[in-house]
């Protein structure tokens with residue numbers, strides 16, 4: 151539904167939600183072995199919110215009065231996964247879990263066109279981390295966004311978020327060999343370091359703690375596609391012409407190395 155999946159013929163579907171869940175389940179034991187208490191925001195394929203697109207169609211219809219049915223359905227779906235689901239996760243994070251840090255795991259993608267059964271492949275593959283920031287004047291004009299921005303400022307989370315992100319970006323770039331991503335001119339972003347970009351996203355604005363958005367691997371890159379088709383496995387094997395870990399374990403290990411490096415350096419300086 152979120153247009154973050156594709157499938158070629160009878161091959162394994164490339165579904166970002168399933169891939170991030172697998173990565174999270176591999177990552178959790180490693181974090182626990184380092185002494186962390188780990189809570190997954192979701193532990194199954196089901197969304198956190200109890201709302202579904204059908205519940206939002208009447209509201210979407212009022213917003214798009216007179217629009218064709220397909221546009222109303224499309225808007226209700228976007229409100230489901232871009233707003234209702236993220237706000238439900240934010241409520242869980244802020245009111246129940248109350249973590250010291252949130253790691254938002256994603257896989258990136260380039261435009262693959264309108265047909266998920268015939269995706270366009272991209273020669274590009276890259277990595278970046280998204281931090282909170284880079285508000286537009288029009289966004290600050292909204293009372294809710296201005297309130298959430300001030301909340302983040304008074305919490306003082308940015309210093310910790312930026313320091314963590316710098317170490318984790320270095321860890322990822324070294325562990326994966328991926329180049330740092332560069333946003334195109336005109337996007338509402340601000341580069342704050344190698345592979346580090348500030349953006350005003352709903353989740354990193356709502357979560358009341360340091361938040362790191364990981365965006366590695368272009369899912370419609372040929373090498374990444376072949377690695378996804380190879381699934382998860384222990385050790386290393388030849389995939390796409392070279393010996394590699396599974397893409398999920400490479401992702402996991404890059405995070406573990408970065409977090410261990412950061413917190414060991416913090417402890418040594420105290």
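Residue numbers (our numbering): 151 to 420.
Heads up, the beta-carbon is just placed ideally off N, CA and C, and yes, glycines get one too.
- Of the residues 285, 232 and 307, the one whose Cα lies closest to the Cα of residue 348 is 285.
- Per the coordinates, the alpha-carbon of residue 327 lies some 15 Å from the alpha-carbon of residue 390.
- Under the three-state reduction of DSSP, residue 364 is assigned to strand.
- At least 8 Å separates the beta-carbon of residue 357 from that of residue 278.
- Looking at the DSSP output, residue 387 bridges to 394.
- Secondary structure at residue 335: coil, using DSSP grouped into helix, strand and coil.
- Considered as a whole, the segment 216 to 265 harbours 219 to 228 and 235 to 242 as its complete alpha helix (DSSP H) runs of no fewer than 4 residues, in chain order.
- The beta-carbon separation of residue 166 and residue 369, rounded to 7 Å, stays under the 8 Å limit for a contact.
- The alpha-carbon separation between residue 400 and residue 238 amounts to approximately 30 Å.
- Here residue 374 carries a helix assignment [DSSP, helix/strand/coil].
- Counting only unbroken stretches of 3 or more residues, the beta strand (DSSP E) elements lying wholly within the segment 276 to 324 are 277 to 282, in sequence order.
- Per DSSP, the continuous beta strand (DSSP E) segment holding residue 349 begins and ends at 346 to 349.
- Within a 10 Å sphere around the beta-carbon of residue 396 sit 16 or more other beta-carbons, which makes this residue buried.
- The Cβ-Cβ distance between residue 340 and residue 283 falls below 8 Å.
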